[in-house]
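**Q**
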């Protein structure tokens, strides 16, 4: 059985952007106390970093099961996964997106994999999953599907 695991960590710029809470909180609290502003800024930024790290979902293919963040599905219920990069990935996340699709997308990760759902009872026609390694994820899903069939 093929295996794949990836944690969708935020990019460096996500941590830099959240650092804007530092000057904002200092600016708000400096009329009261510079020390309170600095302490509040440190606590708020630490909280933002902690949330970014803890909220990073895991994408996994293991033992015939695809797990994408909180969602899990047997690979026996999937169609052939397709990897998309660059402008094609943008199209999959935007103009070609079906409103019923289940999404695990992160703005800081450009490539995606589209995984059709073969289960007629599932309301989502397909899943769109962000990944830094779209070909590897698609290959792991497709190999797991064929291993489940045998």
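Residue numbers (full-length UniProt numbering): 1 to 150.
Think of the CB as a built atom: it goes at the ideal place given N, C-alpha and C, for glycine as much as any other residue.
Quantities reported herein were computed from a predicted structural model and do not represent experimental measurements.
Please classify residue 111 as buried or exposed, where buried requires at least 16 neighbouring CB atoms within 10 angstroms.
**A** Sequence index remark: in the chain shown, residue 111 carries index 111 (1-based). Result: buried.
**Q** Nearest-angstrom Cα distance between residue 57 and residue 2?
**A** The count along the chain shown starts at 1 and reaches residue 57 at position 57. The count along the chain shown starts at 1 and reaches residue 2 at position 2. Each residue's Cα considered, the two are about 20 Å apart.
**Q** Mapping the DSSP letters down to three states, classify residue 109 as helix, strand or coil.
**A** On the chain shown, position 109 is the one that residue 109 refers to. Three-state DSSP puts residue 109 in coil, outside helix and strand.
**Q** Residue 85: buried (16+ other C-beta within 10 angstroms of its C-beta) or exposed?
**A** Your numbering for residue 85 matches position 85 in the chain shown. Looking at its Cβ environment, which holds fewer than 16 other Cβ atoms inside 10 Å, residue 85 is exposed.
**Q** CB-CB under 8 Å to residue 124, same chain, minus the five flanking residues each way: which ones, in chain order?
**A** Here residue 124 refers to the residue found at position 124 when the chain shown is read from its first residue. Taken in chain order, the residues that qualify are 100, 101, 102, 117.
**Q** Going by DSSP in three states, residue 32 sits in which element: helix, strand or coil?
**A** In the chain shown, the residue the question calls residue 32 occupies position 32. It is coil, neither helix nor strand.
**Q** For residue 122, which of 74, 8, 94 has the nearest alpha-carbon?
**A** Taking the first residue of the chain shown as position 1, residue 122 is located at position 122. The shortest C-alpha separation from residue 122 is found at 74.
**Q** By how many angstroms is the C-alpha of residue 78 removed from the C-alpha of residue 107?
**A** Translated into positions along the chain shown, residue 107 becomes position 107. Translated into positions along the chain shown, residue 78 becomes position 78. C-alpha separation (whole angstroms): 25 Å.
**Q** Measure the Cβ-Cβ separation of residue 137 and residue 131 and say whether it is below 8 Å.
**A** In the chain shown, counting from the first residue as 1, residue 137 sits at position 137. In the chain shown, counting from the first residue as 1, residue 131 sits at position 131. Yes, Cβ-Cβ distance for residue 137 and residue 131 is below 8 Å.
**Q** Could you check whether residue 81 and residue 141 sit closer than 8 Å to each other, using their CB atoms as the reference points?
**A** Here residue 141 corresponds to residue number 141 of the chain shown, with the count starting at 1. Here residue 81 corresponds to residue number 81 of the chain shown, with the count starting at 1. In this structure, residue 81 lies closer than 8 Å to residue 141 by Cβ.
**Q** For the stretch 53-127, list the beta strand (DSSP E) runs that are entirely contained and at least 3 residues long, ordered along the chain.
**A** The qualifying runs are 58-62, 65-68, 71-74, 82-84, 102-104, 112-116.
**Q** To the nearest angstrom, how far is it from the Cα of residue 61 to the Cα of residue 135?
**A** Along the chain shown, one-based indexing puts residue 61 at 61. Along the chain shown, one-based indexing puts residue 135 at 135. Residue 61 and residue 135: Cα-Cα distance of roughly 13 Å.
**Q** If we count the other Cβ atoms within 10 Å of its Cβ and call it buried at 16 or more, is residue 59 buried or exposed?
**A** Taking the chain shown and counting its residues from 1, the one referred to as residue 59 is at position 59. Buried.
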